[in-house]
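**Q** Questions regarding the structure given below will be posed in turn.
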Amino acid sequence: MEKICILGGGAIGSCVSASLTEANLDVCLVDQWAAHIEKIRIDGLDVITTKGKTNTKIKSYHLSDFAQLQDKFDYIFMAVKAYDTQWVAKFASVYLKEDGVLIGLQNAYNDDKNVEMIGKDKVIGAVVELSCEIFQPGIVQRNTIPTGTWFAVGELDGTITPRLRNIQKIMLNVGKCDLTDNIYGAKWTKLIANSMTCPFSSLSLKNWEAMKLPGMFEFSVGVGKESFKVGKALGYMIEPLFGLTNEEIGNAGENAAELVMKKMVQDVGPNARTHAAQDHVKGRRSEIEFINGKVSEEGRRLGIPTPFNDAVCEVARMTHSGKIQLDPDNVKLLYQKLEKILNK
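For the working numbering, add 9 to where a residue sits in the sequence shown, where the first one is 1.
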């Protein structure tokens, strides 16, 4: 049986490891959060959904115990924050079989960093549509049930290979999983979607609540339009997400960002918080610099103004540094920063 490791036991990694364990695959979960791993070892992992609660006994290891493992892995699914990508990829490479591969179940644009660390032949790209949250050891809230969960996996050169089909078979135990010959386009499309919810991170609200604030939806759509524009200039072909079709995206034209925003918030349900909002609530560094910051960086390089994304990054820095508190009134601050940037 193929050996699988989930490297990173946050919300995504925990949900995936539970589903693969329930499918009787040879999988282990590895993380540096000691209390979480200990809780899973003793009591199992509780996954709470709208359908109820499941408890799964998962083979789990502390990161510090990983060196004791004698076996190497066919597949390592890396489910860590974007800012941890490089060191974790290098760490993972030691535990891959000669023909093993690393699959990044991450937000942002990290595959090229993985290639730098371990080589192109060892890296598979992935896009994740799975909303879940974790705030205490051993308990995950999964906002999207398997029928509402979607993955895309792709070789970086666009070919459809046997190993890609094997990964698809594995991930079908977690949700829907498609093969793509356009992984870079698919990942940029997900980055667009993430960029539009990142403004919620300073508000201390769930997605549905944030959307109802005066001006918030319009601001997020402004972010998305910039992200679409930069992606197009980079030559990326936008992929349909959240059950939308190419025809629906194409017919929406300039309103594509608005369409994606509405569908995304609808799909993740009323209890979901964006990943960046979860990080700020926990007092942790967010991935906004790798999402909205990536749009801003590429925009500067291409000569495309990105004032909405720039404003999101500035407010995120203020939030993380403690200069401002999480507050619904921060939507006004977003507009103030936007106006200041536009008037430079």
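Note that the Cβ used here is the ideal one computed from N, Cα and C, for glycine as well.
1. Starting from residue 84 and walking both ways along the beta strand (DSSP E), at which residues does that stretch end?
2. Roughly how many angstroms lie between the CA atoms of residue 319 and residue 220, to the nearest whole one?
3. Could you tell me the distance, in whole angstroms, from the CA atom of residue 329 to the CA atom of residue 343?
4. Would you grab the beta carbon distance between residue 336 and residue 213 for me? Rounded to a whole angstrom, and I think it's under 8 Å.
5. Under the three-state reduction of DSSP, which class applies to residue 162: helix, strand or coil?
6. With residue 151 as the anchor, note down where its beta strand (DSSP E) starts and where it stops.
7. Are the beta-carbon atoms belonging to residue 39 and residue 84 less than 8 Å from one another?
8. Looking at the unbroken alpha helix (DSSP H) that takes in residue 342, where does it start and where does it end?
9. Among the residues of its own chain, which have a CB less than 7 Å from the CB of residue 28, if the five just before and after it don't count?
10. What are the start and end residues of the beta strand (DSSP E) that includes residue 145?
11. Would you decide whether residue 150 is buried or exposed? Buried here means 16 or more other CB atoms lie within 10 Å of its CB.
12. Using only the alpha-carbon positions, how far apart do residue 198 and residue 293 sit?
13. In this structure, how does DSSP classify residue 121 when only helix, strand and coil are distinguished?
14. Candidates 169, 147, 201: which alpha carbon is nearest residue 53's?
15. Roughly how many whole angstroms lie between the Cα atoms of residue 235 and residue 173?
16. At the level of alpha carbons, what is the spacing between residue 168 and residue 208?
17. Let me know if residue 59 comes out buried or exposed under the rule of 16 or more other beta-carbons within 10 Å of its beta-carbon.
18. Within 10 angstroms of its Cβ, does residue 96 collect 16 or more other Cβ (buried), or is it exposed?
19. According to DSSP, is residue 239 part of a helix, a strand, or is it coil?
20. Considering Cα atoms alone, identify which of 104, 345, 154, 72 is closest to residue 131.
21. Please tell me whether residue 65 and residue 30 are closer than 8 Å, where the distance is taken between their beta carbons.
22. According to DSSP, which residues form a beta bridge with residue 133?
**A** Let me lay it out:
1. Residue 84 -> beta strand (DSSP E) spans 82 to 87.
2. Between residue 319 and residue 220, the C-alpha separation is close to 20 Å.
3. Roughly 15 Å between the two C-alpha positions.
4. At roughly 6 Å, the Cβ-Cβ gap stays under 8 Å, so residue 336 and residue 213 are in contact.
5. Strand at residue 162.
6. It spans 148 to 151 - the beta strand (DSSP E) in which residue 151 sits, taken as one unbroken run.
7. With respect to the 8 Å criterion, residue 39 and residue 84 are not classified as neighbours on the basis of their beta carbons.
8. Boundaries of the alpha helix (DSSP H) harbouring residue 342: 339 to 351, taken from the DSSP string.
9. The answer, listed in chain order, is 182, 183.
10. Per DSSP, residue 145 belongs to the beta strand (DSSP E) from 141 to 145.
11. Counting Cβ neighbours within 10 Å, residue 150 comes out buried, since at least 16 surround it.
12. Spanning the alpha carbons of residue 198 and residue 293 requires a straight line of approximately 25 Å.
13. Residue 121 sits in a helix when the DSSP states are folded into three classes.
14. It is 147.
15. Their backbone Cα atoms lie some 32 Å apart in a straight line.
16. One C-alpha to the other measures close to 36 Å.
17. Exposed is the call here.
18. Exposed is the call here.
19. The answer is helix: DSSP assigns residue 239 an H, G or I state.
20. Ranking 104, 345, 154, 72 by Cα distance to residue 131 puts 104 first.
21. Yes, these two residues count as a Cβ contact at 8 Å.
22. Beta bridge pairing from DSSP links residue 133 with 112, 164.
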